[in-house]
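Undergrad:
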Amino acid sequence: MALRPNTPKLFFQFLVTLVTISSATKFVSGNFYQLFDTIWGDQNVQYQDGGDVLALLMDTHSGSAIVSKHEYLFGRITMQMKLVSGNSAGTVTTFYLASSAESHDEVDFEFLGNQSGNPYILHTNIFAQGKGDREMQFYLWFDPTADFHNYTLIWNPLNLIFLVDDVPIRLFRNHLAAGAGFPHDQPMRVYCSLWDAEDWATEGGLVKTDWTQVPFTAYYKGFDADACYPDYDYSKCQWSSAWTPWFNQELDNGQIWNLKWVNDNLKIYDYCEDTKRFPDGLPKECTLP
């Protein structure tokens, strides 16, 4: 069977499209030297093991923070963390995504310090077009100061999934069509920080930072970003492809069961259940499936 005259041209265009999609989606892991810049607290940012491990410190002068060199628009992004041990009251250790626009998008893992012997609180929040107030809080089922654990964000056009050691703890669906906010078109960078928030972090600010414990130290390693790098062409990141299984990822039946177990046993706050905070009605996404 003879090829039609325009077949080579169409095939070439198809190949260019595949290359464009696959080159926009990359897998990056590892070295903090290469992938991040310091934002503040230079003296409290320490690179160990050739940059494979990062230590963020907080002392009486400053906390510390870093930001990724690359922006991402959708992806599966993981950080391994070991939190501040001992009396960490007043401290907040973070791993989060945020855009740079004034009406910014943001997706937060924030770990609220505690007095020795009390459990850490994992505080999560989501901002869309500058609007936050979507907090959920959880206890963890392990001691996050004893060893490294995986904290993952799966961000795609369908939903945001928060995972701890691959166990889903929070699902936030895309309900843009119904008028609810969802981060969908602003590329975001990865941030990590350790800072003092004694006015609210521990028991609503009742327990203050014990400055005799300085320096407070949190450790990071194993950064992985299987994600889309928009390179100023955001349309590249709107396509699904065989190279990006996370692009259409949703929870399977086993993960749905695990999510329910976490919410039934470890959830301690959910903005969608806080009718006192929203006397005029819960946010729109709270009433959608």
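Numbering (mature numbering (1 follows the signal peptide of the UniProt record, and there is no 0)) for the sequence shown: -24 to -1, 1 to 265. Even glycine gets a Cβ: it sits at the ideal position worked out from N, Cα and C.
So who's on the other strand from C168, going by DSSP bridges?
TA: DSSP, once it has assigned bridges, lists I42 and F71 as partnering C168.
Undergrad: Could you name the residues of the same chain whose beta carbon sits closer than 6 Å to that of L152, not counting the 5 residues immediately before and after it, in chain order?
TA: Answer for L152: F158, listed in chain order.
Undergrad: Kindly list the residues whose CB is nearer than 7 Å to the CB of N132, restricted to its own chain and excluding five residues on each side of it in sequence; keep chain order.
TA: Around N132: F50, W222, F223, N224 and Q225.
Undergrad: Grab me the residues of D246's own chain with a C-beta within less than 7 Å of its C-beta, minus the 5 sequence neighbours each way, in chain order.
TA: Contacts found: M112.
Undergrad: Looking at the secondary structure, which residues open and close the beta strand (DSSP E) in which K197 lies?
TA: Taken as a continuous stretch (DSSP letters only), the beta strand (DSSP E) holding K197 covers F192 to C204.
Undergrad: Could you please give the first and the last residue of the uninterrupted alpha helix (DSSP H) stretch that includes F50?
TA: That residue, F50, is in no alpha helix (DSSP H); it is neither H nor E in DSSP.
Undergrad: Taking the Cβ atom as the reference point for each residue, do L32 and L170 lie within a distance shorter than 8 Å?
TA: Yes, the pair counts as a contact, with Cβ atoms nearer than the cut-off.
Undergrad: Since D81 contacts F103 with CB under 8 Å, what's their CB separation in whole angstroms?
TA: The pair is a contact, with the Cβ atoms about 6 Å apart (cut-off 8 Å).
Undergrad: Tell me the rounded alpha-carbon separation between S38 and A154.
TA: Cα-Cα distance, rounded: 43 Å.
Undergrad: Report the residue from D13, V29 and A156 whose alpha carbon sits nearest the alpha carbon of C262.
TA: Nearest option by C-alpha distance: A156.
Undergrad: For chain B, is any of its Cβ atoms less than 8 Å away from the one on A177?
TA: The structure shown contains no chain B, having only a single protein chain.
Undergrad: For residue 266, which residues in the same chain have their Cβ closer than 6 Å to its Cβ, ignoring the five residues on either side in sequence?
TA: Given a span of -24 to 265 for the chain in the structure shown, any question on residue 266 remains unanswerable.
Undergrad: Is it buried or exposed for D202, if we count other Cβ within 10 angstroms and need 16 for buried?
TA: It counts as buried.
Undergrad: Helix, strand or coil for D141 per DSSP?
TA: Coil.
Undergrad: Restricting to Cα atoms, I'd like to know which of N241, N150, G198 and T220 is closest to P265.
TA: Checked all of N241, N150, G198 and T220; the closest Cα to P265 is N150.
Undergrad: As a quick exercise: from V140, K236 and V183, pick the residue whose alpha carbon is nearest that of R52.
TA: Looking at the Cα atoms, V140 is the closest of the given residues.
Undergrad: Between N7, G6, I15 and Y23, which lies nearest to A194 when the distance is taken from Cα to Cα?
TA: Closest by alpha carbon: Y23.
Undergrad: Please state the DSSP three-state secondary structure of Y115.
TA: Three-state DSSP puts Y115 in coil, outside helix and strand.
Undergrad: Identify whether P(-17) lies in helix, strand or coil by the three-state DSSP scheme.
TA: Caution applies to P(-17), whose pLDDT of 44 falls short of 50 and renders its modelled position unreliable; the value that the coordinates give is listed next. It is helical.
Undergrad: Please report how far the alpha carbon of Y167 lies from the alpha carbon of Y72, in whole angstroms.
TA: For Y167 and Y72, the distance between alpha carbons rounds to 5 Å.
Undergrad: Once DSSP output is grouped into helix, strand and coil, what is the label at Q162?
TA: Looking at Q162 - three-state DSSP - the assignment turns out to be coil, as it is neither helix nor strand.
Undergrad: Excluding sequence positions up to five away, which residues of its chain have a Cβ less than 7 Å from the Cβ of D109?
TA: These residues qualify, in order along the chain: Y247.
Undergrad: Using DSSP's beta-bridge definition, name the partner residues of Y127.
TA: In DSSP, Y127 forms a bridge with M55 and V140.
Undergrad: Restricting to Cα atoms, I'd like to know which of Q91, M55, K58 and G106 is closest to E78.
TA: When each option's Cα is compared against that of E78, the closest is G106.
Undergrad: Should P255 be labelled buried (16 or more other beta-carbon atoms within 10 Å of its own) or exposed?
TA: The residue in question, P255, is exposed, as its Cβ has fewer than 16 Cβ neighbours within 10 Å.
Undergrad: Any idea what DSSP makes of Q189, helix, strand or coil?
TA: Helix, per DSSP.
Undergrad: Quick one: what's H80 bridged to in DSSP?
TA: For H80, which the question treats as bridged, DSSP gives no partner whatsoever.
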